[in-house]
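Visitor: Below you will find the structure I want to go over with you.
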Amino acid sequence: MFTNPHKPFAIHYSRLANLLLALLVVIVFLVLSRAALPATKPQPKPITLAEAVALALRHNRTIESAYISRVLEKFDLEVVRDEFRPDLILSASTAWTRQQGNEALNTQVGAGLSLKVPTGGQLALDFTQTIIEPWEIPEEGFSSDVVLSFKQPLLRGGGVDVNMASQRLAERQEQANILNLKQTFINIITQVVHAYRRFLLVQRGVEINRLSLIRSKELLEVNKALIAAGRMAQVEIIQAEADLANQELSFHENENALDKARLSLLKLLDIDKHTVIAPVDKIVVKPVTLNLETLQQQALSNRPDYLQVLLARENAQTRLLLAENDQLWELDIVTRYNITGTSDAWMEAQERAGHLGEGDYSVGFALRIPIGDIQRQRGVVAARVKLRHAGIDVHELKENLEIEMLDAVRDISIKWEQVKLAQRARGLSKRQLDIELEKLKVNRSTNFRIVTFQNSLIRAKIDYLNALTDLDVLLGATLERWGVNIEYSFFPE
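Okay, so the sequence shown: first residue is 30 according to our numbering, each after it adds one.
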């Protein structure tokens, strides 16, 4: 009898295929079953207001961009500070020359040291070494030159005030840059605080609306039972059904507003938009004592925008000084001392150049008088106009600041009164809530008033806290309030 030698292998392959097919069916079933299950929402991450502020300061791109700009700003300041530091220049050259039929190779090396002094004077020391190698004569010539010169303006461009003006302008610009960075921090912190409290307010509103929706459903069931018992007319259930529909609509609207508030906060924090967070701060308010005169003085000392207009006025005064100096004649005193040593031997040339008493010197004056140049006169007129504008800006901002401070104090006082009224209403709301619930059971009231009682106090507290936050902005005290210390010389990589 003939036996197929491949049959055991065929049977084994068939069993393996059936096993794989069954495994595939199980996998597909598990995947479909998992997909059919309702998606579970991720647990929200609790976040406090202080944590939100800290996250914004670490991740916010506006702050990062401001720090990047500080790299160039600090370098610009160093460039100006370098004005009165010595400069060293090294030089070297070589040339093939032909003069009157004589050809030679001239090589020259040198060094120059210059220094500007605060009076406007320019001190220079130059050393030059020259080697001449004739083409036809096997002899070299050496020359050493040392030149010391000093030039001091006596009128235009002279004086410590004029020559230190550029550094003073640069220092004030650095102060303005720091104030800009401070204002950036204040703006971001204030935006985060308002966004967080808005998120908290909407979240509390959603929770209140959820409880109110439950009450409306309970009311509807009570009314249905009363109708079934013959104790209520059929038409009277319309009020409960309308109330339930309104509460469902309000609940969905508040859920949408909650997600918008969450995304607005996440945008300021610059973190993943899919992050689910939940504000957990308690809404705590307490009265504050405000002295208008003290607050105004504090604002004048701390407000970045006011300090910037003061700097702008000082800059305008400095630029007027420069424009008036630019009107003067150019009268300079010029001195020069020159020592030259030449020889066929290099060492001898150096020795001759080292004899200080054998040098040449000169002392003189240089005068230059511009006539008919009205462009300089225009510079003075423009500087005076800008100075007057700067003075007006300071006066106007100071008056506006005083008005804003008066309005802020009044607003805080009013909002605190609203909080007290809301607290008084909230003190009665427990009993009122019980009364309302009893009325609901007999259909003598709607659910709307209960929601209103619970929302009013929360909103009043949030408004009061926001008013205090805005007052910190007016005072320039936001950073101190949140304990933020800015690294002004920090450079991001």
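Ideal placement from N, C-alpha and C gives every residue a C-beta, glycine not left out.
(1) Taking DSSP's pairing of strands, which residues face Ala290 in a bridge?
(2) Hey, Arg488 and Leu240 are a contact pair by Cβ (cut 8 Å); roughly how many whole angstroms apart?
(3) Go ahead and label Asn238 buried or exposed: buried means 16 or more other beta carbons lie within 10 angstroms of its beta carbon, across all protein chains shown.
(4) If you draw a straight line from the alpha carbon of Val502 to that of Ala95, how long is it in whole angstroms?
(5) Once the 5 residues before and after Thr219 are set aside, which same chain residues still bring their CB inside 7 Å of it?
(6) Whole angstroms are fine: how far does the CA of His88 sit from the CA of Val305?
(7) How many angstroms separate the CA atom of Ala535 from the CA atom of Pro73?
(8) Check each candidate in Pro333, Tyr493 and Ala352 and name the one with the smallest Cα separation from Pro211.
(9) Does Ile368 come out as helix, strand or coil in the three-state DSSP assignment?
(10) For the beta strand (DSSP E) that contains Lys103, what are its first and last residues?
(11) In this structure, how does DSSP classify Pro182 when only helix, strand and coil are distinguished?
(12) Using the rule of at least 16 other Cβ atoms within 10 Å of the residue's Cβ for burial, across every protein chain shown, is Val189 buried or exposed?
(13) Is the CB-CB distance between Ala133 and Ile161 below 8 Å?
(14) Between Leu430 and Gly512, what straight-line distance do the alpha-carbon atoms span, to the nearest angstrom?
(15) According to the Cβ coordinates, are Val146 and Asn354 closer than 8 Å?
(16) DSSP three-state call for Asn131: helix, strand or coil?
(17) What number of angstroms, rounded off, separates the C-alpha of Ala412 from the C-alpha of Ala419?
(18) Assign Ile515 to one of three DSSP states: helix, strand, or coil.
(19) Taking just the CA atoms, how far does Ile266 sit from Asn285?
(20) State whether the region 250-262 contacts the region 197-209, with contact taken as three or more CB pairs (one from each stretch) at a distance under 8 Å.
(21) Quickly, what does DSSP pair Val338 with across the bridge? List them, please.
(22) What residues in its chain sit with their C-beta under 6 Å from that of Ala274, if we drop five residues either side in the sequence?
(23) Could you tell me which of Ala352, Ile92 and Asn331 sits nearest to Glu509, measuring between CA atoms?
(24) Quick one: using the 10 Å Cβ neighbour count with 16 as the cut-off for buried, is Phe9 buried or exposed?
(25) Can you confirm whether His88, when its beta carbon is compared against all beta carbons of chain D, has any partner nearer than 8 Å?
(26) Given this structure, state the Cα-to-Cα distance separating Lys311 from Glu236, to the nearest angstrom.
(27) For Arg185 and Val410, what's the separation of their Cα atoms in angstroms?
(28) Could you tell me the boundaries of the beta strand (DSSP E) in which Leu396 lies?
(29) Should Arg201 and Leu340 be called a contact, given that it needs their Cβ atoms to be closer than 8 Å?
(30) Let's see if you can read the secondary structure: which residues bound the alpha helix (DSSP H) around Lys253?
(31) Would you kindly work out how many angstroms separate the C-alpha atoms of Glu80 and Val309, rounded to a whole number?
(32) Thinking C-alpha only, which one of Asn367, Leu435, Ala140 and Asp299 is nearest Thr323?
(33) With H, G and I counted as helix, E and B as strand and the rest as coil, what does DSSP make of Asp116?
(34) Within 10 angstroms of the Cβ of Gly505, are there 16 or more other Cβ atoms? Answer buried if so, exposed if not.
(35) Take Lys444 and list the residues in its own chain whose beta-carbon comes closer than 6 Å to its own, dropping the five residues that flank it on each side.
(36) Given a cut-off of 8 Å, decide if Lys415 and Arg348 are closer than it, judged by their beta-carbon atoms.
Guide: To lay it out plainly:
(1) Answer is none; Ala290 lacks a bridge partner.
(2) In fact, because the Cβ distance is near 17 Å, the residues do not count as touching under 8 Å.
(3) buried
(4) 19 Å
(5) In its chain, beyond the 5 residues on either side, Thr498, Val502 and Thr507 have a beta carbon closer than 7 Å to the beta carbon of Thr219.
(6) 17 Å
(7) Nothing in the structure corresponds to residue 535, since the chain is present only between 30 and 522.
(8) Just to set this straight, residue 211 is Lys in the shown sequence, not Pro. Ranking Pro333, Tyr493 and Ala352 by Cα distance to Lys211 puts Pro333 first.
(9) strand
(10) Segment Arg90 to Arg110 is the alpha helix (DSSP H) holding Lys103; no beta strand (DSSP E) there.
(11) strand
(12) exposed
(13) Against a cut-off of 8 Å, the Cβ pair of Ile161 and Ala133 comes out as a contact.
(14) If you take the alpha carbons of Leu430 and Gly512, they lie about 24 Å apart.
(15) Not closer than 8 Å, so no.
(16) For Asn131, the secondary structure class from DSSP, reduced to helix, strand or coil, is strand.
(17) 10 Å
(18) Looking at Ile515 - three-state DSSP - the assignment turns out to be coil, as it is neither helix nor strand.
(19) 29 Å
(20) no
(21) In the DSSP output, where bridge partners are listed per residue, Val338 has none listed.
(22) none
(23) The shortest Cα separation from Glu509 among Ala352, Ile92 and Asn331 belongs to Asn331.
(24) Within the shown structure, residues of the chain are numbered from 30 to 522, placing residue 9 beyond reach of any answer.
(25) Absence of chain D from the displayed structure is noted, only one protein chain being present.
(26) 15 Å
(27) 18 Å
(28) Asp389 to Arg397
(29) Note that the C-beta distance between Arg201 and Leu340 is below 8 Å.
(30) Ala194 to Ala257
(31) 11 Å
(32) Leu435
(33) strand
(34) The residue in question, Gly505, is buried, as its Cβ has 16 or more Cβ neighbours within 10 Å.
(35) These residues qualify, in order along the chain: Asp492, Tyr493 and Ala496.
(36) Yes.
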